[in-house]
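Residue numbers (the UniProt record's numbering): 1 to 746.
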């Protein structure tokens, strides 16, 4: 969480963690309140990471006045605490625990009410028991629905909370009246039916949906925390030849920092002495560590391998490359306008219509109802409101999503965000990272060719093994792994030397041997026959890295090493292309390697040597053209692009940060799960639409009958018992339809 205060001229720009926001409209309310506060020049709210910033004149207002303004509309900002990010995390955790507790207790109390209302309606004192159990469900455990509905009403808006509060509130009041004064209806020949079970069950089900949303939301900032965790908390400075350990926050430009084997690099800088290999996969995504020597740049968050070196700090704090990645991820997470829920859109129209129908029903009966006008007016108008109780409507989306998420898990697709499941079927462009996504993400020996004159190959393999096992070069592990598979063991070398940026050398039984790149061979004037040379050229054309093994006179073998394409990648990409989805590969690797991989898997569009910010910018350009973009990646370097994409998919074996940012994770490394995920999304959305259809058909038929449209023709008034049964039936039909998803094949 990045929070800071900056002063420019007479204005101060300050950022604050925000608590209490549960939707995009909440963020809009907080932002508009900040902007309208006295002395504020400008303000913005980032819903994704729950932060706000305001630029204000400190002579006219201060952070406490802004906090007071935000609290007046039911939210809060955290000011004047030592660690605001920690305070916000504690508050969010407390809120989640409260919602969890309310949902559990609401469900416990609702169960006996449901059983009485459905199966034991004539139980002695059943209505009284139901009333006592339902009251706390509505007005304590479900109080937020009423508070939020009132907040929406004050701004002239209505959403699902409004529908829940209105229908459950009216049903409860009507049921209480019928329980306390059943004679009012009995004297008029009407059964005093109660709707306690509808009120309690609706609150419990929709509370469960809110709990799942809150749980997903509480995880959104974990990616930022893990990115920040890439920086060590302390660093070792060299001052006048003496080591001194200080906090990373105290590092200044120009400080000389010592890095030992296996340590994370704390800030950006330039090597002044020593050399090593540094894992820069967080920047490039490439698995092979990069050799660093004097005057080479190093970046915060990257990991040193086996060597030691010193470097001079050039960028510290919020100026480092890692800090920019964190900032870009935050901005990308907050810049996407969340898709407003279809049910909320429908509720915004449905609620006013139901209220108008109820009022018109009451007025019509009062004018035309004859001697029982008031009785019929009251009964029918209330029945209209009760029958609109959103049982089926409230279940339509969450039941389909729940079954869809379960179906995804069965097929190795973990779905963290219901919104992504709803949106995935609209994807028309998929961006694929190369390393670890299309390829295996680990260099392996793909081929080797030995000199035809070699007679003692097994002994030479042992010598090669002994050389490579002492090498610091990242590719040495691929050679060692390959030799181990062939049961090769080492020998005792008489000498060993690592030659910077070229390879290694060692002697065995008086003969010197070399393993390294072409420069090492040329440096020692080592000869290579034409067949081996042709093989090495062929390997390089296929974007393989070539290791040469020789004695003092001749090259004995050439070994090709590459990050291999996964067997399933080509099949998965063909399936995506057959679905008329554009597939593009973006990679930080060189153009030759990118071209070879793209050709092998059938991708026509690709870009090489791409930085993390370039990937996100590329996605943004596609989005501006109206494309719905899915990004598939596995590394820290993909986190910004994953946050920017409409749908983000991480490979399960990838970095924790990529999986935290992504809304979907593939447990398997098989890309064929992606077409399955898109198909699952399409089927889930179809099910949601079918559910909403059934929910509204019920209302379309039930509301006019409840209003008494048939009374003038045949004297029919909807029996509240039938209304209750129809309500239950509509819910059963919605749940049953959702369960059909389980049987579908992906």
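All residues carry an ideal CB built from backbone N, CA and C; glycine is no exception. Quick caveat, the model's predicted, so the values are computed rather than measured.
{"query": "Do you know how far the Cα of residue 690 is from the Cα of residue 671?", "result": "30 Å"}
{"query": "What does the alpha-carbon distance come out to for the pair residue 156 and residue 28?", "result": "15 Å"}
{"query": "Report the residue from 152, 199, 163, 187 whose alpha carbon sits nearest the alpha carbon of residue 174.", "result": "199"}
{"query": "Please list, in chain order, all residues of the same chain as residue 340 whose beta carbon is under 6 Å from its beta carbon, the five residues on each side excluded.", "result": "For residue 340, the predicted model reports a pLDDT of 43, less than 50, meaning its position is unreliable and no value from the coordinates is stated."}
{"query": "For the beta strand (DSSP E) that contains residue 151, what are its first and last residues?", "result": "Premise fails: residue 151 lies in the alpha helix (DSSP H), 143-154, not in any beta strand (DSSP E)."}
{"query": "Between the C-alpha atoms of residue 184 and residue 36, what's the straight-line distance to the nearest angstrom?", "result": "52 Å"}
{"query": "On a Cα-Cα basis, can you pick out the residue from 249, 230, 351 that is closest to residue 301?", "result": "230"}
{"query": "My assumption, with CB atoms under 8 Å, is that residue 259 sits in contact with residue 299. Please give the rounded CB distance.", "result": "Their Cβ separation, rounded to whole angstroms, is 12 Å, which puts residue 259 and residue 299 out of contact at 8 Å."}
{"query": "Could you check whether the stretch 542-557 touches the stretch 446-453, counting it as contact only if at least three pairs of C-beta atoms, one from each stretch, sit closer than 8 Å?", "result": "yes"}
{"query": "Kindly identify the DSSP beta-bridge partner or partners of residue 94.", "result": "None, per the DSSP bridge assignment."}
{"query": "DSSP three-state label for residue 506, please.", "result": "strand"}
{"query": "Would you report the Cα separation of residue 69 and residue 76, rounded to the nearest angstrom?", "result": "9 Å"}
{"query": "Within the continuous alpha helix (DSSP H) that includes residue 17, where are the two ends?", "result": "Not the alpha helix (DSSP H): residue 17 falls in the beta strand (DSSP E), residues 11-19."}
{"query": "Where does residue 337 land, buried or exposed, given buried means 16+ other C-beta within 10 angstroms?", "result": "Reliability fails at residue 337, whose pLDDT of 41 lies under 50, so the model's placement of it is uncertain and the value that follows must be treated cautiously. With fewer than 16 Cβ atoms within 10 Å of its Cβ, residue 337 is classed as exposed."}
{"query": "Whose C-alpha, out of 566, 92, 297, 96, is nearest the C-alpha of residue 438?", "result": "566"}
{"query": "Which value, in whole angstroms, describes the spacing of the CA atoms of residue 130 and residue 154?", "result": "32 Å"}
{"query": "Can you check DSSP and say which residues form a bridge with residue 234?", "result": "247"}
{"query": "Below 6 Å CB to CB, which residues in the same chain sit around residue 496 once its five sequence neighbours on both sides are set aside?", "result": "470, 506"}
{"query": "Would you identify the three-state DSSP class for residue 71, choosing helix, strand or coil?", "result": "helix"}
{"query": "When DSSP builds the beta bridges, which residues end up paired with residue 617?", "result": "Answer is none; residue 617 lacks a bridge partner."}
{"query": "With respect to 7 Å, is the separation between the Cβ of residue 545 and the closest non-hydrogen atom of the ligand COA below this value?", "result": "Of ligands this structure carries none, so the ligand COA is not represented either."}
{"query": "Would you identify the three-state DSSP class for residue 434, choosing helix, strand or coil?", "result": "helix"}
{"query": "DSSP on residue 164, reduced to helix/strand/coil?", "result": "helix"}
{"query": "Applying the 10 Å Cβ sphere with the 16-neighbour rule, what's the burial state of residue 59?", "result": "exposed"}
{"query": "DSSP three-state label for residue 43, please.", "result": "strand"}
{"query": "On the DSSP letters alone, give me the boundaries of the alpha helix (DSSP H) that residue 521 sits inside.", "result": "518-523"}
{"query": "In chain order, what residues of the same chain lie with their CB nearer than 6 Å to the CB of residue 188, ignoring the 5 residues before and after it?", "result": "375"}
{"query": "Buried or exposed: where does residue 14 fall if 16 or more other Cβ atoms within 10 Å of its Cβ makes it buried?", "result": "buried"}
{"query": "Measuring alpha carbon to alpha carbon, tell me which residue in 580, 551, 678 is nearest residue 514.", "result": "551"}
{"query": "Mark residue 220 as exposed unless 16 or more other C-beta atoms lie within 10 angstroms of its C-beta, in which case mark it buried.", "result": "Because the pLDDT at residue 220 is just 45, under 50, the model does not fix this residue reliably, and the point stays unresolved."}
{"query": "When you compare each of 143, 148, 235, 234 to residue 204 by their alpha carbons, which one comes out closest?", "result": "143"}
{"query": "Could you say which of 384, 592, 601, 461 lies nearest to residue 609 if we only look at CA atoms?", "result": "592"}
{"query": "Taking the C-alpha atoms as reference points, what is the distance between residue 748 and residue 379?", "result": "A question about residue 748 goes unanswered here, because the residues of the chain that appear run from 1 up to 746."}
{"query": "Hey, would you say residue 490 sits closer than 8 Å to residue 508, going by beta carbons?", "result": "no"}
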